[in-house]
Amino acid sequence: MSRVNRGLRFFPAARPPFLSCSPTVPRYDLHCHSTHSDGLLAPAAVVARAAERGVNVLALTDHDEVSGLPEAQAAAADARIELVCGTELSVTWDDVTLHIVALKIDPEHPVLASALDEIRLGRTTRARRIGESLAAAGVTGAYEGAMKYVTSERLVSRTHFARYLVEAGYARETKDVFKRYLTRGTPGYVSHTWASLSDAVDWIHAAGGQAVLAHPGRYKIDGPHMRRLLGAFRDLGGDAIEVVSSSHTPAQYIEFATYARAFGLRASCGSDWHGPGESWMDLGDAPAMPQGAIPVWNDW
Ligand code: AMP
Ligand code: MN
Ligand code: MN
Ligand code: MN
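Under the working numbering, the residues of the sequence shown are numbered 289 to 588, in order.
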């Protein structure tokens, strides 16, 4: 069953009744993207949309990038919402690609900034290899095509390839492109070693931030492997895991809230919104955190 169907099943037109609608409880959305990575709207437009949709505290978390934060911060001041400075780091742990969301970072911290520069350089090299790998399978011009979709000359993502391959008629939707061309075992997949988990946590802490394991339910690992990951993350100083995420089912909200408690980690929530028509959950639509989870914002 696709995630789209799963989302529609649990979230029909209206918000579920257990959502908090009280104006006194701030609405948090601590994970989203702009044109400074693979999102479709500029940072100011993301912030304006979040404010319109009732978000009170928004983290912009572009992949391996902080350059959208000044624009987002100015827009948040105009919209009278709180902007949390964030990013989403690409990590390799035990041969698995993980995403670590950083929250409340100093975006100008030189250690973090130069680490992100390095990761983005790796993205450029990987993109050339993805282009070559697709060309070898008969899908020509993908690198150049992906470049047309890049919205910040500083960062290229598989999402840009996916958008081009939809335009070129290889699939109708980007998620189908991922399934058929960009994931392990398909023609455009190239393995890539990202930052280490330990370095990522250290950089985030050096920049004064909190390290959050993004969408744990998305990793293709079994229960024992998940427990090993959560133990390693906690031992390295990791602060929180995403419990409520557009990548999770309601059953997984409970599952990961339980994991968070068991491992002494805080809980975060975020839509991981990328743009109109491309995401499973809109800005601000993350339901309330399950009972018993200690929110990552508890001490903010
Ligand atoms: P990258 O970091 O360049 O490898 O690209 C990862 C990004 O691709 C994620 O942040 C998502 O935005 C997008 N992505 C990954 N898997 C899928 C999928 N199955 N369908 C749609 N988008 C995906
Ligand atoms: Mn993305
Ligand atoms: Mn992610
Ligand atoms: Mn994300």
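Even glycine gets a Cβ: it sits at the ideal position worked out from N, Cα and C.
Helix, strand or coil at residue i according to DSSP, with G and I counted as helix
i    : result
H448 : helix
W491 : helix
D570 : coil
E461 : coil
D317 : strand
R554 : strand
D580 : In the sequence on display, residue 580 carries Gly and not Asp. Coil, per DSSP.
T471 : coil
A590 : An answer regarding residue 590 cannot be provided, because it is not within the stretch 289 to 588 covered by the chain.
T323 : coil
I388 : strand
G356 : coil
E589 : What is shown of the chain runs 289 to 588, which leaves residue 589 out entirely.
L346 : strand
H503 : coil
H351 : strand
Y437 : helix
E396 : coil
L443 : coil
F483 : As written in the sequence, residue 483 is Ala, which differs from the Phe given in the question. The answer is strand: DSSP assigns A483 an E or B state.
S402 : helix
A328 : The sequence as given places Leu at residue 328; Ala does not occur at that position. Reduced to three states, the DSSP call for L328 is coil.
Whole-number beta carbon distance between residue j and residue i, since they are thought to touch under 8 Å
i    : j    : result
V532 : A483 : Wrong, their Cβ atoms sit about 25 Å apart, outside the cutoff.
A255 : V335 : Because the chain here runs from 289 to 588, residue 255 falls outside it and cannot be looked at.
A434 : Y458 : Not a contact, Cβ separation roughly 12 Å.
D317 : L571 : 6 Å
L348 : C320 : 6 Å
R442 : R408 : 6 Å
T412 : V438 : So it is not a contact: roughly 10 Å between Cβ atoms.
A495 : V399 : 7 Å
P504 : F544 : 6 Å
V389 : V500 : 4 Å
Closer than 8 Å to chain C by CB, residue i
i    : result
G563 : Looking at the structure shown, chain C is missing, and only one protein chain is on hand.
- Query: Should the stretch 413-430 be regarded as contacting the stretch 515-526, the criterion being three or more beta carbon pairs within less than 8 Å?
  - Reply: No, the stretch 413-430 is not in contact with the stretch 515-526.
- Contact set, ligand 4 heavy atom to C-beta under 7 Å: Those residues are H319, H321, T349, H351, E376, H387, A502 and D560, given in chain order.
- Those residues, in chain order, that have a beta-carbon closer than 6 Å to some heavy atom of ligand 1: Answer in sequence order: D326, H351, S378, S445, R446, T447, T462, K463, F466 and H562.
- Per the contact definition of three or more C-beta pairs closer than 8 Å, is the stretch 463-481 in contact with the stretch 353-371? Taking one beta carbon from each stretch, the stretch 353-371 and the stretch 463-481 have fewer than 3 pairs nearer than 8 Å; the two do not touch.
- Item | Three CB pairs or more closer than 8 Å across the stretch 376-385 and the stretch 425-443 | Taking a contact to require three or more Cβ pairs closer than 8 Å, the stretch 376-385 and the stretch 425-443 do not qualify as touching.
- Inter-stretch contact at 8 Å, needing at least 3 Cβ pairs: the stretch 554-565 / the stretch 525-540: Between the stretch 554-565 and the stretch 525-540 there are three or more C-beta pairs closer than 8 Å, enough to call the two in contact.
- Message: Does the stretch 378-395 come into contact with the stretch 322-339, if we say contact requires no fewer than three beta-carbon pairs (one atom in each stretch) closer than 8 Å?
- Response: Not touching, per the Cβ criterion.
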